[in-house]
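One structure is given here, and the rest of the page talks about it.
2 protein chains.
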Amino acid sequence: MRIPDHIGIIPDGNRRWAQSKGMSKEKGYSSGLKPGIDLFHLCQEFGVRELTFYGFTVDNTKRAKEQRLAFTDACIEAVNMFSKENATLLVLGNTDSPMFPEELLPFTERTVFGNGGMKVNFLVNYGWEWDLNSLKLVGGSGRSIVNHIKSTDISRLDLIIRWGGRRRLSGFLPVQSIYADFFVLEDYWPDFKSEHLLQALNWYNEQDITLGG
Amino acid sequence: MRIPDHIGIIPDGNRRWAQSKGMSKEKGYSSGLKPGIDLFHLCQEFGVRELTFYGFTVDNTKRAKEQRLAFTDACIEAVNMFSKENATLLVLGNTDSPMFPEELLPFTERTVFGNGGMKVNFLVNYGWEWDLNSLKLVGGSGRSIVNHIKSTDISRLDLIIRWGGRRRLSGFLPVQSIYADFFVLEDYWPDFKSEHLLQALNWYNEQDITLGG
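These protein sequences, in sequence, are chains A and B.
Residue numbering for the first sequence follows the working numbering, starting at 1 and increasing by one per position.
Residue numbering for the second sequence follows the working numbering, starting at 1001 and increasing by one per position.
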């Protein structure tokens, strides 16, 4: 079976899941933590090399405050959980904004935890405009100007899986998504089960790879 | 019914269609011309304001020569056909490369044909890297450097429809695709029929629009 090197995860549907259970919207995010770790363990078994979770975006922070606090807490908690695993973690997002949680600043350089292994990336206060709109001074004396995206530490995506039924990328790593195969599940993210990943991998296995050639 | 302002068309499956008819691969492209005009007329009736066709990419030009010539000819022919309609045409792509057909150079500035109306864009020898990697001198005396994409004349996409079953963007306008809803049809593009567009519009009508908020 052909296993994707790098899988992107859009864990959508937390709010709709909470409402379907009679809870207020912001209660859904904490129920997305265990699914993340379960998915990670399965991906470890399959030999996936890199996993990127869509945490929250600059756009998302315009939502109601209780939601913003809830998804920010869930991201902090998720990164803390992963720091107890064998993984090489990176948190990427706009750290210049007050919406970036300072608890996650130590993770903005890629760091090995446990025995290392799979790269796991979390997009936290990420924005596609922020990512793409980047001029940088480089070279020995920092005198050359180059135009390069801020997410250069994240590799090309092979497969993107989105929960919650929506068939759109919503600003998820536009450059890395260029050639990615896109699989959508109707179930909400907190209802994650192993079969979801197996369905996505089986489908991916049947796709060709052309990279436009 | 909520009609998308701007629809992106990925007319894939021409080669597989030709093979399924016992023809050689490059014979499929000319059969994609009539579908394009038929789709355009339907979109006119629905009041769509902008339509973008994925012609061919810089990556595609690495294919066998007879295929390259065939899809280039089909693009030239398509633009000529549209110049007899009421439409405002733009051809966008890397004109600095010999792969860009010189017959289409007159269309690289947006031009009104007939009574004008819908904007119709053709991506010809387009490359996502070419599009994004752009520094430009601006301002009265051209002394300011700004970083801006080359496809600024093409607006945000609301809906992308892809024929031929593949669920990926393949480098199609990464910035304009950020929030687009993505609808995939299994049929090959030369087998286009009105029902395809109706299916896509009905599906689009049921989607919410959040733009991340």
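C-beta: ideal position from N, C-alpha, C; glycine also.
- Task: Rank Phe122(A), Leu137(A) and Tyr126(A) by C-alpha distance to the C-alpha of alanine 87(A) and give the top, closest one.
- Result: For the purposes of this step, residue 87(A) is taken as the residue at position 87 of the first sequence. The candidate whose alpha carbon is nearest that of alanine 87(A) is Phe122(A).
- Task: Drop a sphere of 10 angstroms on the beta-carbon of glutamate 50(A), count the other beta-carbons inside from all chains shown, and report buried for 16 or more, exposed for fewer.
- Result: Start at 1 with the first residue of the first sequence, and residue 50(A) comes out as number 50. Buried, since its Cβ has 16 or more Cβ neighbours within 10 Å.
- Looking only at its own chain, which residues have a Cβ that is under 6 Å from the Cβ of tryptophan 1017(B), when we skip the five neighbours before and after it? Taking the second sequence and counting its residues from 1, one reaches residue 1017(B) at position 17. Gly1028, Tyr1188 and Pro1190.
- Query: Looking at the C-beta of threonine 152(A), does it have a partner C-beta in chain B at a distance below 7 Å?
  - Reply: As a first step, residue 152(A) must be located in the first sequence, where it is residue number 152. No, threonine 152(A) does not count as interfacial toward chain B.
- Status (buried if at least 16 other CB within 10 Å, exposed otherwise) for alanine 1064(B): Residue mapping note: residue 1064(B) aligns to position 64 of the second sequence, counting from 1. Exposed, by the Cβ-count rule.
- Which value, in whole angstroms, describes the spacing of the CA atoms of glutamate 129(A) and glutamate 66(A)? For the purposes of this step, residue 129(A) is taken as residue 129 along the first sequence, with counting starting at 1. For the purposes of this step, residue 66(A) is taken as residue 66 along the first sequence, with counting starting at 1. Roughly 25 Å separates the two Cα atoms.
- Message: Can you tell me whether histidine 1148(B) is buried or exposed? The criterion is at least 16 other CB atoms within 10 Å of its CB, across all chains shown.
- Response: As a first step, residue 1148(B) is located in the second sequence; it is residue number 148 there, counting from the start. Under this definition histidine 1148(B) is an exposed residue.
- Query: With histidine 6(A) and aspartate 158(A) assumed to form a contact (beta carbons below 8 Å), what rounded beta-carbon distance in angstroms separates them?
  - Reply: Position 6 of the first sequence, counted from the start, is the residue given in the question as residue 6(A). Position 158 of the first sequence, counted from the start, is the residue given in the question as residue 158(A). Indeed they touch by this definition, with Cβ atoms about 5 Å apart.
- Inter-residue Cα distance where the pair is asparagine 1094(B) and phenylalanine 1100(B): As a position in the second sequence, residue 1094(B) is number 94, starting the count at 1. As a position in the second sequence, residue 1100(B) is number 100, starting the count at 1. Between asparagine 1094(B) and phenylalanine 1100(B), the C-alpha separation is close to 7 Å.
- Task: Assign isoleucine 1154(B) to buried or exposed, taking buried as 16 or more other Cβ atoms, counted over all protein chains shown, within 10 Å of its Cβ.
- Result: Here the question's residue 1154(B) lines up with position 154 in the second sequence. The residue in question, isoleucine 1154(B), is buried, as its Cβ has 16 or more Cβ neighbours within 10 Å.
- Does any CB atom of chain A fall closer than 7 Å to the CB of arginine 1015(B)? Along the second sequence, read from residue 1 onward, the residue named residue 1015(B) stands at position 15. Arginine 1015(B) does not count as touching chain A.
- How would you write the range of the alpha helix (DSSP H) that valine 1079(B) sits in, first residue to last? On the second sequence, position 79 is the one that residue 1079(B) refers to. 1065–1082 is the span of the alpha helix (DSSP H), which, as asked, contains valine 1079(B).
- Task: Determine, using beta carbons only, whether leucine 197(A) and tryptophan 163(A) come nearer to each other than 7 Å.
- Result: Position 197 of the first sequence, counted from the first residue, corresponds to residue 197(A). Position 163 of the first sequence, counted from the first residue, corresponds to residue 163(A). Cβ distance not < 7 Å, so leucine 197(A) and tryptophan 163(A) don't count as in contact.
- Integer Cβ distance of serine 52(A) from isoleucine 3(A), believed to fall under 8 Å: Translated into the one-based positions of the first sequence, residue 52(A) becomes position 52. Translated into the one-based positions of the first sequence, residue 3(A) becomes position 3. Looking at the sequence provided, one finds threonine at residue 52(A) rather than serine. Their Cβ separation, rounded to whole angstroms, is 16 Å, which puts threonine 52(A) and isoleucine 3(A) out of contact at 8 Å.
- Comparing alpha-carbon positions, which option in Asp1131(B), Leu1137(B) and Phe1082(B) lies nearest arginine 1110(B)? The residue labelled residue 1110(B) in the question sits at position 110 within the second sequence. Nearest of Asp1131(B), Leu1137(B) and Phe1082(B) to arginine 1110(B), Cα basis: Phe1082(B).
- Could you list the residues in the segment 1099–1128 of chain B with a C-beta less than 8 Å from some C-beta on chain A, going in chain order? Trp1128
- Query: Exposed or buried, threonine 61(A), counting other C-beta atoms within 10 Å across all chains shown (16 or more means buried)?
  - Reply: Residue mapping note: residue 61(A) aligns to position 61 of the first sequence, counting from 1. Classification of threonine 61(A): buried, given that the 10 Å Cβ count is 16 or more.
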